[in-house]
Structures are given as structure tokens and as C-alpha cells.
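Participant: Once you've had a glance at the structure underneath, I'll fire off some questions.
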Amino acid sequence: TFASSHWLLAWMGLEMNTLAIIPLMAQHHHPRAVEATTKYFLTQAAAAATLLFASVTNAWLTGHWEIQQITHPLPSTMITLALALKIGLAPLHAWLPEVLQGLDLTTGLILSTWQKLAPF
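Its first residue numbered 1104, the sequence shown is counted upward by one per residue in the working numbering.
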């Protein structure tokens, strides 16, 4: 995702990153871990759908799938909001404490640090 110049490849990289941590989150068979995993998956799926919709809108408006070709304000705003939701940036951070309270310390640290690098 860091070195991607194509919106579809960036989206695929973000989704692989999301799908890689879900088994780590659900490894403890406790209702809180299952709830945290479900909340994380639904939040990330909503952000991914928004990001994909914004990138398709950008490609439709500009005719390019390149990341550097964000010239229209609508896709730019939608992409910013989708990435803010993915990393838990305020004001779209309400899901993050709910997810972290159901995880163990190691998985919570990975989710709070390493997972935040992928969108950037």
C-alpha cells in the first residue's frame, strides 16, 4: 500500500492488511474478543467500501486510476474520510475503544500501532 500508484492495488493492500489481523483478534474464544472482531470487521468493511467507491468516482471523473490524480474535491474528501475511519482518526474514532477493550494486550498493541501504518 505504501508504494502503490493505482487505487485498486492500494485498496487490495489495505484489505489484505485487515484480513491478516482478524484471526489474531479472534484467537481467544471469549465473547468480548468475538464482539471486538465483529466490530472491527464491520468498521473496516464500511471504510473499504467508501474508499473503493471514492476511487471509482475519482476514476469516473478524471479518467485515471492513479493515486496522484485526485483533482476533484468529492473523491478527495471521501478518500480522506475513509482513511480516517480505517485508522481511527477523530472524529471517526468511536469504534477504536470498543474494539480495543475486547482484545488482549499484544493484539491491542499491534492494532494500535502496526495496523495504522498500512493506509499511509
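Glycine residues also receive a C-beta, built at the ideal position from the N, C-alpha and C atoms.
Can you give me the C-alpha to C-alpha distance between P1126 and A1162, rounded to a whole angstrom?
Facilitator: When rounded, the distance between both Cα atoms is 33 Å.
Participant: Taking Cβ to Cβ, would you say S1179 is nearer than 8 Å to I1173?
Facilitator: Going by C-beta atoms, S1179 is nearer than 8 Å to I1173.
Participant: Which one or two residues does DSSP pair with H1109 in a beta bridge?
Facilitator: According to DSSP, which records beta bridges pairwise, H1109 is partnered with E1169.
Participant: Note down the Cα distance separating T1210 from V1202, rounded to an integer number of angstroms.
Facilitator: So the alpha carbons of these two residues sit roughly 11 Å apart.
Participant: Who are the Cβ neighbours of Q1204 in its own chain at under 8 Å, not counting the five residues just before and after it?
Facilitator: Within the same chain, Q1204 has close Cβ partners R1135, A1139.
Participant: Do T1146 and M1181 have their C-beta atoms closer together than 8 Å?
Facilitator: Against a cut-off of 8 Å, the Cβ pair of M1181 and T1146 comes out as no contact.
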